[in-house]
Each structure stands twice: as C-alpha cells, then as structure tokens.
Amino acid sequence: MIYRYLAATLALLLATDLPATGLPDLGEASQATVSPQQERELGLRIMAEIRADPSYLDDAEVAGYLTGLGTRLLLNSSESRPDQEFEFFAVKDPMINAFALPGGFMGFNTGLILAAQSESELAGVMAHEIAHVTQKHLARMIAGQKYAFLSSLGAVALAVLASRSNPQAAQAVLIGSQARQIQSQLDFTREHEKEADRIGLNILVSAGLDPRGMSGFFERLQRAGRFRESSAPSYLRTHPITHERIADIDSRTQSLPYRQIPDSLDFQLVRAKLRAAMDTPGNAVEFFDSALRERRYRNEAVERYGLINALLRDRKFMRADKELMRLYENLQSSVDDALQNRSPALIAHSTYRVPLSSDTIEALAERARLALGEVEAHGIFSGAPPDSVQPDADGILENHRLGATIHITRKPALPSPMIETLAAKVKLALGETAEALDLYEAALQIYPQHRALVYDYAETLLHRKDPAAALRFVNQQLQFLPDDTRLYRLQALCHGALGNTLMQHRAQAEIHVRQGDIPAAIEQLQIALKDEDGDFYQKSGAEARLRELRTLADAKKNE
490 MIYRYLAATL ALLLATDLPA TGLPDLGEAS QATVSPQQER ELGLRIMAEI
540 RADPSYLDDA EVAGYLTGLG TRLLLNSSES RPDQEFEFFA VKDPMINAFA
590 LPGGFMGFNT GLILAAQSES ELAGVMAHEI AHVTQKHLAR MIAGQKYAFL
640 SSLGAVALAV LASRSNPQAA QAVLIGSQAR QIQSQLDFTR EHEKEADRIG
690 LNILVSAGLD PRGMSGFFER LQRAGRFRES SAPSYLRTHP ITHERIADID
740 SRTQSLPYRQ IPDSLDFQLV RAKLRAAMDT PGNAVEFFDS ALRERRYRNE
790 AVERYGLINA LLRDRKFMRA DKELMRLYEN LQSSVDDALQ NRSPALIAHS
840 TYRVPLSSDT IEALAERARL ALGEVEAHGI FSGAPPDSVQ PDADGILENH
890 RLGATIHITR KPALPSPMIE TLAAKVKLAL GETAEALDLY EAALQIYPQH
940 RALVYDYAET LLHRKDPAAA LRFVNQQLQF LPDDTRLYRL QALCHGALGN
990 TLMQHRAQAE IHVRQGDIPA AIEQLQIALK DEDGDFYQKS GAEARLRELR
1040 TLADAKKNE
C-alpha cells in the first residue's frame, strides 16, 4: 500500500514553495542534477513516512537477509561508489513489486519475495534495482520533473493527508488523472530498463548467482500481466517488461556456462517466516501441517521452522516447543547424513540441549577431518558464516563451549541464527525467560552481529526488569553499530526505566539525527537539558551535542 502514495510524498518533498522545514533545496530548473546529499535527505524524509506506515515490515531478520544479499551484490558491482549508502527493507504487501527511492533506499514487497522461486530470481530483481540507483535513473527523473510536479500538487497534497487517516480515500485521489501523471513521471523509461538489465546481469554473474534467474522471473511476470491485465503485477507498471527485454537478457546469458546455484538456508527460512505470517494463524498452521504430512517440501527443517512460527501466532506454545525438538532432530539427521555422504554443506552439530566437553568438541572436529580430508576441513573452518566465530590464524576453529551449543560449520551453516532466535521466542512464550536468555547468550557468542539476536536479547532483559544489564549490553553494541536507530530506541527505553530522563531524551535525539530530522533532534536535546537528573558529564555532553547540531542546522540553511 505504501507506494500508492510514495509519488505523492516525493512530490511534496520536491515542492520547495510549500512550507517544508528542513527539506533540501534542489536549485533552479536549469540545474538538472541532484547531489548525493540531496538524494539522501529526500530518501530519509520519505523513509520516515514509510516506517510510520502499518505496512512497513519491522523485522530485523528479513531486513538482515535482504541487506546481506544486497551487500553481496554491491560488492560485486563495478558501478557502485564507496560513498553511496544503501538500505534494504520489506513491505507487508502481497502484490509483486519492488522500488528504489532517492538515497539508496530499496523496498521489496513480501509478495515479491514469496513469488521468487529461487534466490537468484530475487537477486535478479535486486541487482536490477541497484543498477537503477548506481546509474542515477531516479535522481535524473527527479531533477528533470521537479517543476512539472507542481501542476498536480493540489491533488497530491490531498492524497498525502488522506493517507494518514484513510488509505482508501488516498488511493481514490491518487487514481485521478493528475496523480496518474505524477506516477507516470516516476516510472522508468525503456532505456533505463535496458541499462539496468545489462548492469544487473553483470552483477549477478560477478556475485556467483544464476543470471538466468532475472529473465525467468521477468518472463513469469510478463505472462501474469498478459493473462490478467487488470490485475497485472505492480512491478510491470513501473518496470515495463517487453519481449525485446527478455530476449536481450536471454541472448546475454546463452554464452555463459550453466551452473546450478543452490538457495541459501536463510533465503528458505525468510520465505517460510513470511508465509507463516500470511492469512490467519490457523490457516498458516494448516498450510505447514499439510506440507509436512504430504512431504511437499525441499527441506523438512525449513518447513518445520515455518510451522513453529505459525504456531506461535496461533498461541499454541506447547506444541511449538514439541515441534522445536523435532526441528533440532531434523538438523541432527542432516548432520549425520552430511558426515556419512562427505557433504560439504554441514560438518558437525550437536543438539542445543547436549552439553559438550572440550574433549567431545575436539572429537567432533577430528570426525569432520576424517570425513572430508585435511584440506577440505581447513576450508570448512575458514569458510564459516561472516557473522559467526572466526577461526584462528591456522584456520582451525577454536574450542567453544557455548552453554549447550557447538557448531563446526561451513556455508550454508545449520542451524541458522534465525533458528536460535525462534527457539528463544518459544521459551519466552512458555514463560521460561531464563532458558531464553541462555539461548540468546549462547547464540550471540557464535553470531555476535546478528541484529535480531541483539535486539531480542536486550528486549528480554528489559522484560525481565533488568534495565541496567540491558543498558550495558546496548551501549556495548552501539560501539560496533553506531548508526542503528533501533539500538538508540532501546537505549532510550533503558534510560526511561532507570529514571534517567536526560539521557532518555539524548538517545531520542540521536534517533532523529539518523533519520535526517535535525530540528526534532535539537528539540529533544533542549528538553533533556531542562531535566535535573543528569550529572555534570551528561549535561556537558548534551550541551556539546546541541551546539554541534545547531551548527549543522545553520549550515543547511545557508546551502
């Protein structure tokens, strides 16, 4: 639903003759360029509207997966710039669509993620959107159409206001002729599409993904639009797909050697999690029950992961706990098969309830070496997931007794931190907070930068009414993730629970700074300095930050 008024929001942002505090000035009509800073400021303001919309999916694991896939593509893009920031997010909408915003913000409908039949198909759409950003297609259209937007601004303003209280009314306004004109100005041209196809294909190949995923997905969308024109996928309306485009993509991929690229475990888990959130909780449970009963799945553990998510939604916590044990049994079986078949996918794993001594851990490592050979074993340990415990200088994973979990893995690793997070949520649902904290702490030692683990652990400490411990943990995480607005939000909650009003408002100010709203940040610091609870150092820090932001605000006014 968000993109139905994205064009309207963007038009308002570009209308410099209307009151818009803090909005960037795009200059004269003759200046058909938009600077990266102006793009970012526009994107931040639009994202503030999107995050406030109910359809914004505030899920750290889904966003983390999209960010990981996007980063993989960006690292293999010769067109990306080191100073170009990107942020990937999901929108709760069954329609098949994706969109790029100014400043490197990219949104993906849950409907598109579920419609992708492989990770390479999803990556194909993402690479295409990345190409639109790196080639500044949207920025060029914004600069070129700025003054044309003003003729339809009355209808647009009405749509934005209506969207805040009545989305249906907003949609009715936006389908008028004036709003249609604005939307058409944001649609990509055929030349833009062909350029994004070409660059996106190069990115896919460089990233080791299947470039045929792009043409396969686009061809399915085209067929859907041909037979259901009135309800064609939304992606077709902003990204016109023609036979010529598909033929051009196919001709470019024919000369490439065919390689079967397996989907990552996280891709499968994210899709299962999203599917579990569809429909009513009862229907979601029945969907996964039926698939497991009839063996309609590629990976039993993934299907059971989806079932547990659905059971939590349906508040069937005891059954969710039983299914969790079955899930870990599935994982253990996968390990045994991997060792027996010399599979490179997974080397050794013990169920999370079994404590392991250092001797047992070393025995597992030796078992892996015997199964795969010394050279392959070295690769296994050095090829652990990027956010897991790293090997030592010799490439051998050190002994880790993490509560009750030990993993010796090679990508794709099992279990995923998403499974550990789900296990902790099951324990929380059963009221077993101590057990949940143990699971979080064990998993964080393996995946210290997994955002969902970080957020959930801090929130669980707060739920246990231990804000001091939560604050220590959050402050530690902010040293590594200084721009994470959710961590600052948690920091504000911790200070609020401890009665630290000054520091609570200081944290809220940092949230506004990272969202591009300097005036709101200044206001929070002014409120903070009126409180009497802070010590000398806290007040001095807030005063220094206030001076810094005022200087920044003055500089923006003079630009």
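The sequence shown begins at 490 in my numbering and counts up by one.
We put the beta carbon where it would ideally sit given N, CA and C, even for glycine.
Nearest to residue i (by Cα), restricted to the options the options
i, options, result
"Leu979", "His994, Pro971 and Val963", "Val963"
"Ala913", "Ile797, Ala1031 and Leu781", "Ile797"
"Glu550", "His984, Ala1010, Gln1013 and Val943", "Val943"
"Glu948", "Ser566, Tyr817, Leu982 and Asp1022", "Leu982"
"Ser609", "Ala537, Leu690 and Ala998", "Leu690"
"Gln821", "Ala958, Gln757 and Glu789", "Glu789"
"Asp768", "Pro583, Leu933 and Gln743", "Pro583"
"Asp755", "Leu590, Leu611, Gln968 and Glu708", "Leu611"
"Leu816", "Met807, Arg804 and Val791", "Val791"
"Arg540", "Arg975, Glu1037 and Gln1013", "Arg975"
"Arg748", "Leu960, Asn772, Leu1018 and Pro700", "Pro700"
"Gln743", "Asn586, Leu991 and Ser704", "Ser704"
"Asn586", "Ala579, Gly592, Phe575 and Asn598", "Asn598"
"Leu590", "Glu538, Lys581 and Asp547", "Glu538"
"Arg741", "Gly771, Val694 and Glu708", "Val694"
"Leu564", "Ala799, Ala620 and Asp547", "Ala620"
"Gly985", "Val1002, Asp955 and Gln966", "Asp955"
heavy atom of the ligand COA below 7 angstroms from residue i C-beta
i, result
"Asp1022", "Within the structure as shown, the ligand COA is missing, as the structure has no ligands at all."
Strand pairing of residue i, partner residues [DSSP]
i, result
"Tyr545", "Val580"
"Phe588", "Gly596"
Straight-line gap, residue i to residue j (C-alpha atoms, nearest Å)
i, j, result
"Pro940", "Phe577", "The amino acid occupying residue 940 in the given sequence is Arg; Pro does not appear at that position. Rounded to whole angstroms, Arg940 to Phe577 spans 14 angstroms at the Cα level."
"Arg653", "Pro543", "The predicted position of Arg653 is uncertain, since its pLDDT is 39 and thus under 50; no value can be drawn from it."
"Arg1039", "Pro571", "28 angstroms"
"Pro432", "Tyr936", "Absent from the model: residue 432. The displayed extent of the chain is 490 to 1048, so no value can be given."
"Gly702", "Tyr786", "21 angstroms"
"Lys1046", "Ile1007", "12 angstroms"
"Gln1004", "Ala780", "42 angstroms"
"Val622", "Leu562", "13 angstroms"
"Arg784", "Arg793", "11 angstroms"
"Ala552", "Arg1034", "30 angstroms"
"Ala837", "Asn819", "Summary for Ala837: the model assigns pLDDT 35, below 50, so the residue's position carries little reliability, and this model does not support an answer."
"Asp686", "Leu970", "34 angstroms"
"Thr910", "Tyr1026", "37 angstroms"
"Glu1032", "Ile1000", "17 angstroms"
"Gly1030", "Met536", "29 angstroms"
"Lys683", "Leu950", "51 angstroms"
"Ala998", "Ala696", "39 angstroms"
"Val759", "Phe594", "20 angstroms"
"Arg802", "Leu1041", "45 angstroms"
"Glu812", "Leu698", "33 angstroms"
"Pro525", "Lys625", "10 angstroms"
"Ser566", "Met615", "12 angstroms"
"Ala1044", "Ala1010", "16 angstroms"
"Phe806", "Leu933", "24 angstroms"
"Ser877", "Glu1021", "Because Ser877 carries a pLDDT of 41, less than 50, the predicted location of this residue cannot be relied on, and no value is offered for it."
"Ala1017", "Asp972", "21 angstroms"
"Glu1037", "Leu1014", "11 angstroms"
"Lys1028", "Leu991", "8 angstroms"
"Ala996", "Ala773", "39 angstroms"
"His681", "Leu917", "49 angstroms"
"Gln757", "Gly592", "29 angstroms"
"Arg734", "Glu708", "10 angstroms"
"Ala799", "Asp927", "24 angstroms"
"Gly613", "Asp548", "22 angstroms"
contact_flag[the region 755-770, the region 600-607] where n(CB pairs < 8 angstroms) is 3 or more: They touch, by the three-pair rule.
Segment contact flag, the region 526-537 with the region 551-560, C-beta cutoff 8 angstroms, min 3 pairs: At 8 angstroms Cβ cutoff, the stretches do not touch.
Could you give the uninterrupted runs of the alpha helix (DSSP H) lying entirely in the region 1017-1042, keeping only those of 4 residues or more? Those alpha helix (DSSP H) runs which fall completely within the region 1017-1042 and span 4+ residues do not exist here.
Secondary structure, beta strand (DSSP E): runs of 3+ residues fully inside the region 938-986: Taken in chain order, the complete beta strand (DSSP E) segments of 3 or more residues contained in the region 938-986 number zero; there are none.
Which runs of the alpha helix (DSSP H), 4 residues or longer, sit entirely within the region 903-927? If one requires a minimum length of 4 residues, the alpha helix (DSSP H) runs lying completely within the region 903-927 are 906-918, in chain order.
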